[in-house]
Amino acid sequence: MDGIKKIACAGMLCSIAFPALAADWSDTFIGYRWSNQYTEPAIDAEISKNIVSLTHASGYRYGSNFFNVDVLMSDSKDPAAGAGSGGAQELYAVYRTQLSFNKIYGSDWKLGPIKDLALTAGFNAGSKNTQFAPRPRVLVIGPTIKFDVPGFLDVSLLYRDETNHNGIPSAKERNVHFDSTWNLNVSWGIPFHIGAASMLFKGFADYIGEKGRDGFGQSTKPETLVRTALLLDVGQLVAGHKNTVFMGPGYEYWHNKFGNPPGKGTKTSAPSINAEWHF
1 MDGIKKIACA
11 GMLCSIAFPA
21 LAADWSDTFI
31 GYRWSNQYTE
41 PAIDAEISKN
51 IVSLTHASGY
61 RYGSNFFNVD
71 VLMSDSKDPA
81 AGAGSGGAQE
91 LYAVYRTQLS
101 FNKIYGSDWK
111 LGPIKDLALT
121 AGFNAGSKNT
131 QFAPRPRVLV
141 IGPTIKFDVP
151 GFLDVSLLYR
161 DETNHNGIPS
171 AKERNVHFDS
181 TWNLNVSWGI
191 PFHIGAASML
201 FKGFADYIGE
211 KGRDGFGQST
221 KPETLVRTAL
231 LLDVGQLVAG
241 HKNTVFMGPG
251 YEYWHNKFGN
261 PPGKGTKTSA
271 PSINAEWHF
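Numbering (UniProt numbering), first residue to last: 1 to 279.
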């Protein structure tokens, strides 16, 4: 997993270095989520996973940066390669940068509920120590509409190009370059109050089109991934420290996971517990 660790470190350096030139705002936190109802393709059982994340988001003179790396630790139902190796471990990194129309041109353009337009670009990269040994590498770029809401609500239409590895001996192709496709992405973080309690509704949704054939020669299907959480600002409620510690329930829905057609483990419906520590 050394390669993906290098990519993750490089992405983190990029996400910090760019806004450091003229930072408007910055937020970095360590997150945790757990569920015992995750799934993996070809596994006919629900899987327990502990997931630890490091996330950084910041704004600078011309736009914003976002970087997240997840460390996913499965139970033995999702086994690592090699007898007696226990549950699989996975590392998955996401980096996005946005160039804002209003920031670049120094304008206050708005159109109804739309407050800005942006160009979004970035990458995903991952690695997992199973027999399949996936190593996804994804590049994306496309326009984003930014809506005028408390917090943020972005809708992006992205060009998506993906390569991956297939370590199964019977695979027709070990290193797969999928057909380019499109990715509709919605991401949001909406703060609100219920009495004295500060709440945050956050998450994202992806709809990814068909991307040709996989390493077994099987046609892929469109996939839908939704991951969201409703978090309580526990730090403010308990100790008066606003925007530091959040906790609450989450939910993940994944249909045709990784573009696989309906079958064992290709659909996830997993409630989770979530926590974040911002610093």
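Idealized CB from N, CA, C, for every residue including glycine.
1) Less than 9 Å between the beta carbons of residue 213 and residue 182, yes or no?
2) State the DSSP-derived secondary structure class of residue 240, mapped to helix, strand or coil.
3) Taking the beta carbon of residue 38 as the centre, do at least 16 other beta carbons fall within 10 Å, making it buried, or is it exposed?
4) Taking buried to mean at least 16 other C-beta atoms within 10 Å of its own C-beta, is residue 25 buried or exposed?
5) Under a Cβ-count criterion, where at least 16 other Cβ atoms within 10 Å of its own Cβ denotes burial, should residue 149 be classed as buried or exposed?
6) What ranges does the alpha helix (DSSP H) occupy inside the segment 24-80, keeping only unbroken runs of at least 4 residues that lie completely in it?
7) Does the segment 236-246 come within contact of the segment 262-273, defined as at least 3 CB pairs closer than 8 Å?
8) Any contact of the segment 197-205 with the segment 227-235, i.e. 3+ C-beta pairs under 8 Å?
9) Out of 61, 57, 277, state which residue places its alpha-carbon closest to the alpha-carbon of residue 67.
10) Between the Cα of residue 209 and the Cα atoms of 169, 227, 158, 192, which residue gives the shortest distance?
11) What separation, rounded to the nearest whole angstrom, lies between the Cα atoms of residue 281 and residue 155?
12) Please state the DSSP three-state secondary structure of residue 267.
13) Please name the residue, chosen from 227, 275, 223, that lies closest to residue 257 on a Cα-to-Cα basis.
14) Looking only at its own chain, which residues have a Cβ that is under 8 Å from the Cβ of residue 42, when we skip the five neighbours before and after it?
15) Thinking residue 78 and residue 87 are a contact (beta carbons under 8 Å), I'd like their distance in whole angstroms, please.
16) Report yes if the C-beta distance between residue 73 and residue 46 is below 9 Å; otherwise report no.
17) Quick one: complete beta strand (DSSP E) runs, 3+ long, within the segment 206-241?
18) Assuming residue 106 contacts residue 131 under a Cβ cut-off of 8 Å, what Cβ separation, rounded to an integer in Å, is found between them?
19) Looking only at its own chain, which residues have a Cβ that is under 6 Å from the Cβ of residue 261, when we skip the five neighbours before and after it?
So, from the listed chains and residues:
1) Working through the sequence shown from its first residue, we reach residue 213 at position 213. Working through the sequence shown from its first residue, we reach residue 182 at position 182. No. Outside cutoff.
2) By one-based count along the sequence shown, residue 240 stands at place 240. Coil at residue 240, not helix or strand.
3) Along the sequence shown, one-based indexing puts residue 38 at 38. Residue 38 is buried by the Cβ-count criterion.
4) For this step, residue 25 is matched to residue 25 along the sequence shown. Exposed is the call here.
5) Here residue 149 refers to the residue found at position 149 of the sequence shown. With fewer than 16 other Cβ atoms within 10 Å, it is exposed.
6) none
7) no
8) yes
9) As a first step, residue 67 is located in the sequence shown; it is residue number 67 there, counting from the start. Checked all of 61, 57, 277; the closest Cα to residue 67 is 57.
10) Taking the sequence shown and counting its residues from 1, one reaches residue 209 at position 209. Closest by alpha carbon: 158.
11) Outside the shown range of the chain, which is 1 to 279, sits residue 281, and nothing can be said about it.
12) The residue given as residue 267 occupies position 267 in the sequence shown. Correct three-state label for residue 267: strand.
13) Your numbering for residue 257 matches position 257 in the sequence shown. It is 223.
14) Against the sequence shown, residue 42 aligns to sequence position 42. Hits under 8 Å: 263, 264, 265.
15) To locate residue 78, count along the sequence shown from 1; it is residue 78. To locate residue 87, count along the sequence shown from 1; it is residue 87. About 6 Å; that satisfies the 8 Å criterion.
16) Against the sequence shown, residue 73 aligns to sequence position 73. Against the sequence shown, residue 46 aligns to sequence position 46. The answer is no: Cβ separation not under 9 Å.
17) 223-233
18) One-based indexing of the sequence shown puts residue 106 at position 106. One-based indexing of the sequence shown puts residue 131 at position 131. Their Cβ separation, rounded to whole angstroms, is 54 Å, which puts residue 106 and residue 131 out of contact at 8 Å.
19) Reading the sequence shown from its first residue, position 261 is the one you call residue 261. Contacts found: 221.
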